[in-house]
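Worksheet: one structure, shown below.
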Amino acid sequence: MVGVATQENGLLYRSVSSKPRPYDAGGDGGKGLSHVCLERLSYVPVLPDCLRGRHELEEGDARECVGGHEVICSLFPRLSNAHGGHSPLKMVNLHPAAAPGPDSEGGEQRPLRLGVVLSGGQAPGGHNVIIGLHDYLQRWHPGSTLVGFLAGPRGVMQNNYKILQAEELDGYRNQGGFHMIGSGRDAIAKPEQLAAAEKTCLAHDLDGMIVIGGDDSNTNAAIMAEHFLKQDLKTNVIGVPKTIDGDLKNTDVNISFGFDTACKVYSEMIGNIMIDAMSAKKYYHFIRLMGRAASHVTLECALQTHPQLALICEEVAAHRWGLKDVTRQIADMIAQRAELGKNFGVVLIPEGLVEFMHDVSTLIAELNEMLAKGINPADQSDVIAHLTPESADLFSNLTPGIRSELLEERDPHGNVQVSHIQTEKLLIKLVGLELARRKASGTYRGKFAALAHFFGYEGRCSLPSNFDATYCNALGQAAGALVASGRTGLMATVSNLQQPANKWTVGGTPLLSMMHLERRSGRDKPVIKKALVEMGGAPMASYTSMRAIWAIQDWCRSPGPIQFRGPSADMASITLALETNEGQPCLLQSSPEDDC
């Protein structure tokens, strides 16, 4: 399905016929697109004013690494002093050019050759980043070439690619998924991997490489940028913040794309289950949600749906709660509801919970060190022999399935694959045992039946919300502006998100400024630091002020499916509203007089 391009005030708009299409092969070229997918092709994201006309970049505030600044800068000597006379680790901001000229973006309109790669797990809006990048090139640098590398970073190393053309791209506007070019979790960090990426960039004569990914992927983008500078390669590397987990954010990055949409998808399903629980009145639903290192998804979904209990990893870590403490808290809530005759409810669990309970996190750290030294994970008796007594006792008392999951091969970035650990089933078993003990002692008289759920992949490829569609388009265009200006080692940023979308600000922040030193595979490595839920932040305060009431009262909130039209269609997440605008819904109006 190809949109019809029209031009107004120098901007490209695309329209798709609103005539109803049949479901037969003739209606959409045989692609099987639904009516809503066809309708989404015609959605035109609002463009920030600073990107609408000629623009230029200027340096902004200085930044330091989150931690280990001197060490990290010594490991990235060229990137920390990039661009010759430019000051190291400084923000750059895009603003309208004073007058057209060779230094104004679009002044020379030299055709560029750019590569783009999707790295890591899928997130709604990824296609719009690529399309925004393409639209920027076609407007300001006509005749440019956009090379899409297939199946993620491996495609870069193996030079597996396709040239992305307007006709194909138009069919992916505002669509979910990463299937246009695919994604992957391979890293580009080792010498041989960097050499392969360098060879590919030289083969395509690339002016820039856009890496769309999360914290680990953007860490690799910084490593690649440093290597290219060392090799005197002209290919500039720019990152784009992507992760539904919401843990890639900082002073300059308000939110990662995909978080808004994924949370709305999960909240719809949680709301449905909460209604079902109140209808049947006989089950507790333990729902594990995405969030390997932070609980942003769980917290946002809790604010959206009002469950009986939402476990927040950061709170568990702050209070040094162990597995028994968490089990006891859940059991206390269930016993309290049983006194009111309620033997049903919903418990939300972040998938990374196991790494935040102090006893389990200690166990995992010991296992990581052990595996790095070559201990055979298949011999669990040998594993236990190499653990401290406390960790050995905990490991021995876990279910066989959980033990095996903790010993699984780490991902390419050295992380435990927590999405494979069925924490919800472990907690159901332990809570059941605790309640049975209480029943035997006469302190609990309820009934406990539980069902386990994992909501993960369901949220990664939805049609992006209006917010994510608009945000991603702006990020793609921002990445294009950064590469075109000769910048490297930056993350494209779109900020001021509490304002209408036309008032959003655009720029870039040094990837190094987001880094700290972290223990990986038995040694300290510079990586982009994950942003955890702030215990004193507005979203957490909002939840803690209400959770005692939600625990005993059935104040279920069912958000329903994502809306693309109407009064709620342009509202961003509750988390973003609380963090940036004192709790008011954040909208996407383009009129300057409109307020969020």
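Per the UniProt record's numbering, the sequence shown starts with residue 1, numbered consecutively. Idealized CB from N, CA, C, for every residue including glycine.
- Taken in chain order, no unbroken stretch of beta strand (DSSP E) lies wholly in the segment 378 to 433 with a span of 3 residues or more.
- K525: not part of any alpha helix (DSSP H); member of the beta strand (DSSP E) spanning 523 to 528, first to last residue.
- A check of alpha carbon separations from L578 across G566, T544, M540, C201 identifies M540 as the nearest.
- A straight-line Cα-Cα distance of about 13 Å links A450 and L348.
- Annotated three-state conformation of M333 is helix, per DSSP.
- The criterion of a C-beta distance shorter than 8 Å is satisfied by G125 and G258.
- For A310, the closest alpha carbon among the candidates L407, A318, V346 is that of V346.
- Per DSSP, Y284 is not a residue of any alpha helix (DSSP H); the beta strand (DSSP E) it occupies stretches across 284 to 289.
- Residue pairing by DSSP places M209 opposite G115, V237 in a beta bridge.
- DSSP, reduced to helix, strand and coil, places H204 within a helical segment of the structure shown.
- According to the DSSP assignment, I163 belongs to no alpha helix (DSSP H) but to the beta strand (DSSP E) extending over 161 to 163.
- Taking a 10 Å sphere around the C-beta of W504, we find 16 or more other C-beta atoms and assign the residue as buried.
- T327 is classed as buried because its beta carbon has at least 16 other beta carbons within 10 Å across all chains shown.
- Contact annotation: the segment 317 to 332 does not touch the segment 296 to 305, with fewer than three C-beta pairs closer than 8 Å.
- Each residue's CA atom was taken as its position, placing T200 and G155 some 9 Å apart.
- Residue pairing by DSSP places F257 opposite K242 in a beta bridge.
- DSSP places K90 within a strand segment (E or B) once states are collapsed to three.
- Taking C-beta atoms as the reference points, L150 and G182 count as a pair closer than 8 Å.
- Residue pairing by DSSP places T493 opposite G507 in a beta bridge.
- Note on V237: 16 or more other CB atoms within 10 angstroms of its CB, so buried under the neighbour-count rule.
- Per the coordinates, the alpha-carbon of I574 lies some 10 Å from the alpha-carbon of A302.
- A straight line joining the alpha-carbon of N220 with that of V533 spans about 24 Å.
- In the DSSP assignment, M370 falls within the unbroken alpha helix (DSSP H) covering 358 to 372.
- The beta carbon of I273 sits closer than 8 Å to those of H285, I287, V346, H453, all from its chain and outside the five residues before and after it, given in chain order.
- Take I421, set aside five residues on each side of it, and the residues of its chain with a beta-carbon closer than 6 Å to its own are V354, E405, in chain order.
- Between the alpha carbons of T362 and M333 lies a distance of about 27 Å.
- Positions of the alpha helix (DSSP H) runs, each at least 4 residues long and wholly inside the segment 55 to 82, are given as 69 to 75 in order along the chain.
- Distance check between H204 and each of D245, M157, R557 places M157 closest, using alpha-carbon atoms only.
- For R520, there is no enclosing alpha helix (DSSP H); the enclosing beta strand (DSSP E) covers residues 515 to 520.
- The shortest C-alpha to C-alpha distance from E458 to any of S256, I244, A531 is the one to I244.
- Straight across, the Cα-Cα distance linking T470 with A97 is about 23 Å.
- The Cβ atoms of K264 and S256 do not sit closer than 8 Å to each other.
- In the DSSP assignment, G341 is bridged to no other residue.
- Cβ contact annotation for Q122 (same chain, cutoff 7 Å, sequence separation greater than five): G177, F178, S183, R460, C461, in chain order.
- In the three-state reduction of the DSSP assignment, A538 falls in the helix class.
- Contact between the segment 470 to 483 and the segment 39 to 59 is present, with at least three C-beta pairs closer than 8 Å.
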